[in-house]
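Visitor: Quick one: the structure is below, and I'll ask about it shortly.
Numbering (the working numbering), first residue to last: 105 to 313.
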(Lines of atoms letter the chains of each structure in order from A and count residues from 1; the text may use other names and numbers.)
(Lines give C-alpha, C1' and ligand atoms only; values in the text may rest on other atoms or scores of the structure.)
Protein backbone atom coordinates (compact mmCIF):
# COMPACT_ATOMS: atom_id res chain seq x y z
CA UNK A 1 0.00 0.00 0.00
CA UNK A 2 1.42 3.38 -1.05
CA UNK A 3 0.11 6.77 0.11
CA UNK A 4 1.00 9.89 -1.85
CA UNK A 5 0.94 12.66 0.71
CA UNK A 6 1.91 16.22 1.59
CA UNK A 7 2.64 16.85 5.24
CA UNK A 8 0.21 19.76 5.59
CA UNK A 9 -2.58 18.34 3.44
CA UNK A 10 -5.55 17.78 5.74
CA UNK A 11 -7.00 15.20 3.35
CA UNK A 12 -3.75 13.20 3.43
CA UNK A 13 -3.56 13.73 7.21
CA UNK A 14 -6.95 11.98 7.56
CA UNK A 15 -5.74 8.93 5.69
CA UNK A 16 -2.49 8.80 7.65
CA UNK A 17 -4.48 8.72 10.90
CA UNK A 18 -6.73 5.92 9.66
CA UNK A 19 -3.82 3.82 8.42
CA UNK A 20 -2.17 4.20 11.82
CA UNK A 21 -5.33 3.41 13.78
CA UNK A 22 -5.79 0.25 11.73
CA UNK A 23 -2.07 -0.57 12.01
CA UNK A 24 -1.67 -1.03 8.27
CA UNK A 25 1.79 -1.09 6.76
CA UNK A 26 2.21 1.46 4.02
CA UNK A 27 4.81 3.41 2.10
CA UNK A 28 4.53 7.18 2.20
CA UNK A 29 5.51 9.10 -0.94
CA UNK A 30 5.82 12.87 -0.42
CA UNK A 31 4.36 15.21 -3.04
CA UNK A 32 5.53 18.81 -2.66
CA UNK A 33 2.55 21.09 -3.23
CA UNK A 34 4.64 24.24 -2.87
CA UNK A 35 6.70 23.13 -5.86
CA UNK A 36 3.49 22.16 -7.73
CA UNK A 37 4.60 18.55 -8.05
CA UNK A 38 0.93 17.56 -7.91
CA UNK A 39 0.28 19.23 -11.26
CA UNK A 40 3.12 17.48 -13.10
CA UNK A 41 2.38 14.85 -15.73
CA UNK A 42 4.04 12.05 -13.73
CA UNK A 43 1.82 12.61 -10.72
CA UNK A 44 -1.34 13.27 -12.76
CA UNK A 45 -0.97 9.82 -14.24
CA UNK A 46 -1.48 8.61 -10.66
CA UNK A 47 -4.03 11.21 -9.55
CA UNK A 48 -5.77 12.83 -12.58
CA UNK A 49 -7.13 15.70 -10.49
CA UNK A 50 -3.63 16.73 -9.47
CA UNK A 51 -4.51 16.58 -5.77
CA UNK A 52 -3.26 14.71 -2.73
CA UNK A 53 -3.70 12.17 -1.41
CA UNK A 54 -3.67 9.17 -3.71
CA UNK A 55 -3.66 5.62 -2.40
CA UNK A 56 -2.16 2.79 -4.44
CA UNK A 57 -3.28 -0.71 -3.51
CA UNK A 58 -2.95 -4.10 -5.17
CA UNK A 59 -6.02 -3.71 -7.38
CA UNK A 60 -5.69 -0.06 -8.34
CA UNK A 61 -5.71 3.49 -7.03
CA UNK A 62 -8.09 5.62 -5.00
CA UNK A 63 -8.03 9.39 -5.45
CA UNK A 64 -10.44 10.80 -2.84
CA UNK A 65 -9.65 10.73 0.88
CA UNK A 66 -13.19 9.98 2.05
CA UNK A 67 -13.46 7.07 -0.39
CA UNK A 68 -10.12 5.81 0.92
CA UNK A 69 -11.39 5.93 4.49
CA UNK A 70 -14.59 4.09 3.59
CA UNK A 71 -12.59 1.49 1.64
CA UNK A 72 -10.21 0.97 4.55
CA UNK A 73 -13.18 0.46 6.86
CA UNK A 74 -14.77 -2.13 4.57
CA UNK A 75 -11.58 -4.05 3.83
CA UNK A 76 -9.96 -3.74 7.27
CA UNK A 77 -12.92 -3.43 9.63
CA UNK A 78 -10.98 -3.67 12.91
CA UNK A 79 -10.62 -1.43 14.75
CA UNK A 80 -13.77 0.18 13.40
CA UNK A 81 -13.77 3.87 12.57
CA UNK A 82 -17.49 3.85 11.69
CA UNK A 83 -18.84 1.66 14.51
CA UNK A 84 -22.32 1.11 15.87
CA UNK A 85 -25.78 0.71 14.41
CA UNK A 86 -27.11 2.49 11.33
CA UNK A 87 -28.09 5.58 13.32
CA UNK A 88 -24.68 5.97 14.95
CA UNK A 89 -22.91 5.42 11.63
CA UNK A 90 -25.03 8.19 10.11
CA UNK A 91 -24.17 10.53 12.99
CA UNK A 92 -20.47 9.83 12.54
CA UNK A 93 -20.67 10.48 8.80
CA UNK A 94 -22.67 13.67 9.37
CA UNK A 95 -19.93 15.12 11.55
CA UNK A 96 -17.24 13.98 9.14
CA UNK A 97 -19.11 15.66 6.27
CA UNK A 98 -19.24 19.01 8.05
CA UNK A 99 -15.46 18.99 7.75
CA UNK A 100 -14.93 17.21 4.44
CA UNK A 101 -17.84 18.71 2.47
CA UNK A 102 -18.56 22.10 4.04
CA UNK A 103 -15.29 23.47 5.46
CA UNK A 104 -12.39 21.88 3.63
CA UNK A 105 -13.42 22.46 -0.02
CA UNK A 106 -13.79 26.21 0.55
CA UNK A 107 -10.36 26.48 2.18
CA UNK A 108 -8.42 24.17 -0.10
CA UNK A 109 -5.05 25.44 -1.32
CA UNK A 110 -6.24 25.71 -4.94
CA UNK A 111 -9.26 27.80 -3.85
CA UNK A 112 -7.05 30.16 -1.86
CA UNK A 113 -4.68 30.50 -4.81
CA UNK A 114 -7.60 31.23 -7.14
CA UNK A 115 -8.95 33.93 -4.82
CA UNK A 116 -5.58 35.62 -4.91
CA UNK A 117 -4.78 35.22 -8.61
CA UNK A 118 -8.22 35.92 -10.10
CA UNK A 119 -9.79 38.30 -7.58
CA UNK A 120 -6.62 39.87 -6.19
CA UNK A 121 -7.67 39.43 -2.57
CA UNK A 122 -5.12 40.55 -0.02
CA UNK A 123 -3.49 38.16 2.43
CA UNK A 124 -5.68 39.68 5.13
CA UNK A 125 -8.84 39.05 3.12
CA UNK A 126 -7.70 35.50 2.36
CA UNK A 127 -7.23 34.86 6.08
CA UNK A 128 -10.67 36.33 6.82
CA UNK A 129 -12.18 33.98 4.22
CA UNK A 130 -10.41 31.00 5.75
CA UNK A 131 -11.41 31.87 9.31
CA UNK A 132 -15.03 32.56 8.36
CA UNK A 133 -15.64 29.11 6.91
CA UNK A 134 -13.89 27.31 9.75
CA UNK A 135 -15.93 29.21 12.32
CA UNK A 136 -19.18 28.55 10.45
CA UNK A 137 -18.43 24.83 10.36
CA UNK A 138 -17.10 24.60 13.89
CA UNK A 139 -20.18 26.38 15.26
CA UNK A 140 -22.35 23.57 13.89
CA UNK A 141 -19.88 20.81 14.77
CA UNK A 142 -19.62 21.91 18.40
CA UNK A 143 -23.42 21.89 18.79
CA UNK A 144 -23.58 18.26 17.67
CA UNK A 145 -21.10 17.02 20.27
CA UNK A 146 -21.97 15.49 23.62
CA UNK A 147 -19.77 14.60 26.56
CA UNK A 148 -18.09 11.54 25.06
CA UNK A 149 -14.33 11.19 25.18
CA UNK A 150 -14.23 11.45 21.37
CA UNK A 151 -16.71 12.88 18.88
CA UNK A 152 -19.04 9.91 19.27
CA UNK A 153 -18.23 7.28 21.86
CA UNK A 154 -15.04 6.30 23.65
CA UNK A 155 -12.91 5.46 20.61
CA UNK A 156 -11.78 7.57 17.65
CA UNK A 157 -14.07 7.46 14.63
CA UNK A 158 -14.23 8.91 11.15
CA UNK A 159 -15.48 12.14 12.74
CA UNK A 160 -12.32 12.52 14.85
CA UNK A 161 -10.16 11.57 11.86
CA UNK A 162 -11.65 14.49 9.93
CA UNK A 163 -11.76 16.92 12.84
CA UNK A 164 -8.14 16.82 14.00
CA UNK A 165 -6.56 17.95 10.70
CA UNK A 166 -9.10 20.76 10.52
CA UNK A 167 -8.22 21.90 14.04
CA UNK A 168 -4.57 21.89 13.00
CA UNK A 169 -5.47 24.22 10.12
CA UNK A 170 -7.61 26.40 12.37
CA UNK A 171 -4.71 26.91 14.78
CA UNK A 172 -2.36 27.59 11.88
CA UNK A 173 -4.65 30.39 10.68
CA UNK A 174 -5.15 31.79 14.19
CA UNK A 175 -8.78 30.81 14.58
CA UNK A 176 -9.58 31.19 18.30
CA UNK A 177 -10.96 27.97 19.76
CA UNK A 178 -12.20 29.43 23.04
CA UNK A 179 -15.81 29.12 21.85
CA UNK A 180 -15.38 25.40 21.18
CA UNK A 181 -14.59 23.65 24.48
CA UNK A 182 -15.79 20.24 23.26
CA UNK A 183 -13.69 20.41 20.12
CA UNK A 184 -10.68 21.45 22.22
CA UNK A 185 -11.24 18.55 24.60
CA UNK A 186 -11.47 16.02 21.78
CA UNK A 187 -8.43 17.53 20.08
CA UNK A 188 -6.44 17.06 23.27
CA UNK A 189 -7.53 13.43 23.72
CA UNK A 190 -6.79 12.50 20.11
CA UNK A 191 -3.35 14.06 20.16
CA UNK A 192 -2.40 11.89 23.12
CA UNK A 193 -2.76 8.78 20.93
CA UNK A 194 0.22 7.43 19.01
CA UNK A 195 -1.81 6.99 15.80
CA UNK A 196 -2.57 10.71 15.75
CA UNK A 197 0.88 11.80 16.89
CA UNK A 198 2.61 9.76 14.19
CA UNK A 199 0.24 11.12 11.53
CA UNK A 200 0.79 14.76 12.49
CA UNK A 201 2.44 17.15 10.03
CA UNK A 202 5.46 17.58 12.28
CA UNK A 203 6.25 13.86 12.12
CA UNK A 204 6.19 13.48 8.33
CA UNK A 205 9.36 12.87 6.31
CA UNK A 206 8.65 15.91 4.12
CA UNK A 207 7.88 18.23 7.06
CA UNK A 208 9.60 21.59 7.11
CA UNK A 209 8.40 22.35 10.64
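Note that beta-carbon positions come from the ideal geometry of N, C-alpha and C, so glycine has one too.
If you're wondering where the values come from, they're calculated on a predicted model, not measured in any experiment.
1. Ends of the beta strand (DSSP E) at residue 133?
2. Let's see if you can read the secondary structure: which residues bound the alpha helix (DSSP H) around residue 241?
3. Cβ of residue 193 within 9 Å of Cβ of residue 250?
4. Apart from the five residues on each side of it in sequence, which residues of its chain come closer than 7 Å, Cβ to Cβ, to residue 205?
5. Go to residue 109, then tell me how far its beta strand (DSSP E) extends in each direction, as first and last residue.
6. Please report how far the alpha carbon of residue 229 lies from the alpha carbon of residue 160, in whole angstroms.
7. What is the DSSP secondary structure of residue 222, reduced to helix, strand or coil?
8. Would residue 182 be called buried (16 or more neighbouring beta carbons within 10 Å of its own) or exposed?
9. Between the Cα of residue 259 and those of 172, 277, 290 and 279, spot the shortest distance and give me the residue it belongs to.
10. State the DSSP-derived secondary structure class of residue 184, mapped to helix, strand or coil.
11. Leaving out the 5 sequence neighbours to the left and right, which residues in its chain are closer than 6 Å to residue 154 when beta-carbon positions are compared?
12. Could you tell me which residues DSSP pairs with residue 165 in its beta bridges?
13. Taking buried to mean at least 16 other C-beta atoms within 10 Å of its own C-beta, is residue 223 buried or exposed?
14. Helix, strand or coil for residue 270, going by three-state DSSP, please let me know.
15. Output the distance between the C-alpha atoms of residue 187 and residue 261, rounded to the nearest integer angstrom.
Guide: This is what the structure holds:
1. 131 to 134
2. 227 to 248
3. no
4. none
5. 106 to 109
6. 38 Å
7. helix
8. exposed
9. 290
10. coil
11. 142, 143 and 148
12. 160
13. exposed
14. helix
15. 8 Å
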